[in-house]
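**Student:** Its first residue numbered 133, the sequence shown is counted upward by one per residue in the numbering used here.
What follows is a single structure, and I will ask about it in a moment.
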Amino acid sequence: MISANDLLPVARTQKPYGIRGELVLLFNRREYAELDADDYFLAIEGIPVPFRVEEFTFVTDTSARVKFEDVDNEQAAARYSRLEVLLPRKLVETVDAEEENDWRMFIGFTITDQHGVTLGVVEEVEDATINVLFIVRDGDKEHLIPATEDFIVAVDEKHKTIEMFIPEGLIEE
C-alpha cells in the first residue's frame with residue numbers, strides 16, 4: 133500500500149467531459165502531463181485512492197481528458213471533480229531530475245565575465261518565461277543575465293564559479 137508521503141500533487145480534476153465519464157485534468161506542469169502512468173491517485177477526503185487510466189487524450193499541453201476504469205457516466209465523473217491528482221514521488225522526481233540540468237544547480241556560484249571581472253553570486257533563477265535568467269547580486273547591484281549555454285565559457289564546480297561571455301551592453305555599470 134502506498135502512503136500519502138510517497139505521492140506528490142501533479143494536477144487537479146476539473147469538470148466532467150461528455151457523457152462517458154471522462155474528466156478533464158489540469159496539470160501543474162507540462163512535464164507532468166507527459167508522464168506515463170497507468171494509475172492516478174485522487175485525494176478523496178484527504179485519502180489517496182488509486183484509479184486505473186482507461187483512456188488519456190491531450191487537450192492542451194497542460195490539460196487532458198481522462199477516462200478512469202469503472203467511472204462510466206457523467207454523474208459518476210462529477211463525484212470526482214475538483215480533486216487533487218497525485219502520482220508516486222519516484223515517478224514525479226524523474227521529471228524534476230531531468231530538469232535539474234535546471235539552472236537552479238548554479239545558485240550560489242560566482243559569475244565572472246570573459247575579462248575576469250567578478251559580477252556577483254547567482255542568488256536566484258527566474259524561469260517563469262522561456263528565457264531563463266540568473267539573478268546575480270554583487271552588493272547592492274543586481275544583474276539579470278541570460279542562463280544560456282551559449283554564454284557559458286567554463287564551469288568550475290569545485291570552486292563554484294562560472295565564467296561567462298557577457299555581450300557588450302548587457303551589464304549596466
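Glycine is no exception: its CB is placed at the ideal position from the N, C-alpha and C atoms.
Check whether the region 146-162 and the region 187-203 are in contact - that is, three or more C-beta pairs closer than 8 angstroms.
**Tutor:** yes
**Student:** Is it a yes or a no for the region 239-258 touching the region 181-196, going by three-plus beta-carbon pairs under 8 angstroms?
**Tutor:** With fewer than three CB-CB distances shorter than 8 angstroms, the region 239-258 does not count as touching the region 181-196.
**Student:** I need the boundaries of the beta strand (DSSP E) containing Gln-146, first residue and last residue.
**Tutor:** To locate residue 146, count along the sequence shown from 1; it is residue 14. First-last of the beta strand (DSSP E) with Gln-146: 139-149.
**Student:** Figure out for me which residue from Thr-280, Ile-267, Arg-161 and Gln-246 has the closest Cα to the Cα of Arg-300.
**Tutor:** Your numbering for residue 300 matches position 168 in the sequence shown. The question names Arg, but residue 300 in the sequence shown is Glu. Closest option to Glu-300, Cα to Cα, is Gln-246.
**Student:** Closest to Glu-304 by C-alpha separation, out of Val-268, Phe-190 and Thr-280, would be which residue?
**Tutor:** Position 172 of the sequence shown holds residue 304. Taking only the C-alpha atoms, the option nearest Glu-304 is Val-268.
**Student:** Write down every uninterrupted run of the alpha helix (DSSP H) in the region 188-217 whose length is 4 residues or greater and which is fully enclosed by it, in chain order.
**Tutor:** 206-210
**Student:** I'd like the span of the beta strand (DSSP E) that includes Glu-274, first residue to last.
**Tutor:** Residue 274 sits at position 142 when you count from the first residue of the sequence shown. Taken as a continuous stretch (DSSP letters only), the beta strand (DSSP E) holding Glu-274 covers 273-278.
**Student:** Once DSSP output is grouped into helix, strand and coil, what is the label at Val-249?
**Tutor:** As a first step, residue 249 must be located in the sequence shown, where it is residue number 117. If DSSP states are grouped into helix, strand and coil, Val-249 belongs with coil.
**Student:** Determine the burial state of Glu-232: buried for a count of at least 16 other Cβ atoms within 10 Å of its Cβ, exposed for fewer.
**Tutor:** Within the sequence shown, the letter at position 100 stands for residue 232. Caution is warranted here: a pLDDT of 47 is assigned to Glu-232, below 50, making its placement in the model unreliable, and the coordinate value is therefore given only provisionally. Answer is exposed; the Cβ neighbour count stays below 16.
**Student:** Pull up the DSSP beta-bridge partners for Thr-293, would you.
**Tutor:** Start at 1 with the first residue of the sequence shown, and residue 293 comes out as number 161. Bridge partners of Thr-293: Thr-242 and Asp-288.
**Student:** Quick one: grab the DSSP three-state call for Glu-232.
**Tutor:** Within the sequence shown, residue 232 is the residue found at index 100, counting from 1. Reliability of the predicted coordinates at Glu-232 is poor, the pLDDT of 47 falling under 50, and no value is obtained from them.
**Student:** Using only the alpha-carbon positions, how far apart do Met-237 and Ile-243 sit?
**Tutor:** Your numbering for residue 237 matches position 105 in the sequence shown. Your numbering for residue 243 matches position 111 in the sequence shown. So the alpha carbons of these two residues sit roughly 13 angstroms apart.
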